[in-house]
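Down below is the structure, laid out as structure tokens.
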Amino acid sequence: MKTTKSKSTSAAQGVEESALKELFIDELKDILWAEKHLMKALPKMAKGATSEELRGCIEQHLTETENQVTRLERVFESIGQKATGKKCEAMAGLVEEGQSIMEDTEKGSLTRDAGIISASQKIEHYEIASYGTLKTLAGVLGFSEAASLLEETLIEEKNADVLLTKIAEGFVNESAKAEQK
Ligand SMILES: [Fe+2]
Numbered sequence: 016m017k018t019t020k021s022k023s024t025s026a027a028q029g030v031e032e033s034a035l036k037e038l039f040i041d042e043l044k045d046i047l048w049a050e051k052h053l054m055k056a057l058p059k060m061a062k063g064a065t066s067e068e069l070r071g072c073i074e075q076h077l078t079e080t081e082n083q084v085t086r087l088e089r090v091f092e093s094i095g096q097k098a099t100g101k102k103c104e105a106m107a108g109l110v111e112e113g114q115s116i117m118e119d120t121e122k123g124s125l126t127r128d129a130g131i132i133s134a135s136q137k138i139e140h141y142e143i144a145s146y147g148t149l150k151t152l153a154g155v156l157g158f159s160e161a162a163s164l165l166e167e168t169l170i171e172e173k174n175a176d177v178l179l180t181k182i183a184e185g186f187v188n189e190s191a192k193a194e195q196k
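Note that the sequence shown ends on residue 196 in our numbering; no numbers are left out.
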């Protein structure tokens, strides 16, 4: 009864599915480049931080980021794709913003830490959005191994964001309030 219709529907689904897979791979390349770029920027941010707490948090996230790159390589492998990156303009811009915050704030001040936290949280939120989408797309496309690997990273990014909020609200913002220009 619906042979012709179902044929054309499944053909259309096939096309849609491969376009979605292409989008998924493209987004993977974007975040791989982003993570590698961040790996280079994080040591500078850690070095620029004033408080031990923030420096420790960034250093811990650097180790996590290195693992996340390895995890992404496993995601590529699990879907039979070569792990290559593609420039992510958003991450390039976010990192640049972080660098200018360090130039614009006093070395040794907690205002600088407030600025570094702000830049870091913008980065985390970009990553949370990216990994959330990637995890969902992996699920839709039936890449279950990729989906669980992406979920692991998504959890780490969310935790990093929570930790940054704790540091900001714990003492950084309050102490920075008293600092003069
Ligand atoms: Fe990350």
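Ideal placement from N, C-alpha and C gives every residue a C-beta, glycine not left out. Computed from a predicted structure; not experimentally measured.
- Gln136 has its Cβ no nearer than 7 Å to any heavy atom of ligand 1.
- Its Cα nearest to that of Asp45, the residue Cys103 stands out among Ser133, Cys103 and Ala183.
- Glu194 counts as exposed, since fewer than 16 other beta carbons sit within 10 angstroms of its beta carbon.
- In this structure, the CA atom of Lys181 is about 10 Å from the CA atom of Leu69.
- Leaving aside the five residues that flank Glu160 on each side, the residues in its chain whose CB is nearer than 7 Å to its CB run, in chain order, Ser93.
- The alpha helix (DSSP H) runs lying completely inside the stretch 96-183 and spanning 4 residues or more are 104-119, 125-155 and 159-182, given in chain order.
- The beta carbon of Glu50 sits closer than 7 Å to at least one heavy atom of ligand 1.
- Contact between Ile132 and Leu169 does not hold, since their C-beta atoms are separated by about 21 Å, which reaches or exceeds 8 Å.
- Taking 8 Å as the cut-off, the beta carbon of Leu57 is found no closer than this to the beta carbon of Phe91.
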